[in-house]
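This report refers to the structure that appears directly beneath it.
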Amino acid sequence: MKHEILVYNQTRSKVPEKFILDVILRTFDFLKLKQPAELAVLIVSAEEIRKLNKIWRKKNYTPDELSFGLNSRKQAGRAKFAKKQNKMLELGEIVVNVNKISDKNNLSKILIHSLLHLLGYDHERSTAEAKKMEHLEEKILNNLEKV
98 MKHEILVYNQ TRSKVPEKFI LDVILRTFDF LKLKQPAELA VLIVSAEEIR
148 KLNKIWRKKN YTPDELSFGL NSRKQAGRAK FAKKQNKMLE LGEIVVNVNK
198 ISDKNNLSKI LIHSLLHLLG YDHERSTAEA KKMEHLEEKI LNNLEKV
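Sequential numbering of the sequence shown, starting at 98, is according to the working numbering.
Put into structure tokens, the structure is as follows:
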């Protein structure tokens, strides 16, 4: 069974889909994720991601990305991360601001950060967890840059 990663471009901009898939798959390899995973990556306009941020997080600014764990939209803040079903790890959705995809290094950071959120990492709970997540992000980025 393979990973199921869908990339949806909801803009008119050209999206580096192959690059996005490569970053995600290499991150899964680095994390030694054995179970096949399923997730969607949506590329949306700055206006759209701002609306989503206001609706779902009650924050009125334009973020680089948003991560929605499976069912987190339904449960408003009580996300069930990394739900296992039929031997498939259902992660959820990553929503990326289209204005942030032109710089591939920045896009890598955004994707890695989002994936870690979907796997249950949270930098808002405590300083210790934030440092742990940041350190892991840096390790993954350094690993990606080696090739």
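Backbone N, C-alpha and C define an ideal beta-carbon position, used for all residues, glycine too. No experiment lies behind these values; they were computed from the predicted model shown.
- Residue pairing by DSSP places Y105 opposite L139 in a beta bridge.
- Nearest to E190 by C-alpha distance, out of K201, S211 and N150, is S211.
- A check of alpha carbon separations from K99 across P113, L122 and T108 identifies L122 as the nearest.
- Per DSSP, E162 is one residue of the beta strand (DSSP E) stretching across E162 to G166.
- Secondary structure of N150 (DSSP, three-state): helix.
- Cβ-Cβ separation between V193 and L149: approximately 11 Å, too far for a contact (criterion under 8 Å).
- By the Cβ test, the region 105-112 is in contact with the region 133-147, since at least three Cβ pairs between them sit closer than 8 Å.
- It is roughly 14 Å from the alpha-carbon of R109 to the alpha-carbon of E144.
- Going by DSSP, V192 is part of no alpha helix (DSSP H) but of the beta strand (DSSP E) stretching over M185 to N194.
- If you ignore the 5 residues before and after H220, its C-beta comes within less than 8 Å of the C-beta of E226, A227, M230 and E231, all in its own chain and listed in chain order.
- Taking a 10 Å sphere around the C-beta of T224, we find fewer than 16 other C-beta atoms and assign the residue as exposed.
- Taking each of L188, N157 and P113 in turn and checking the Cα distance to L216, the smallest one comes out for L188.
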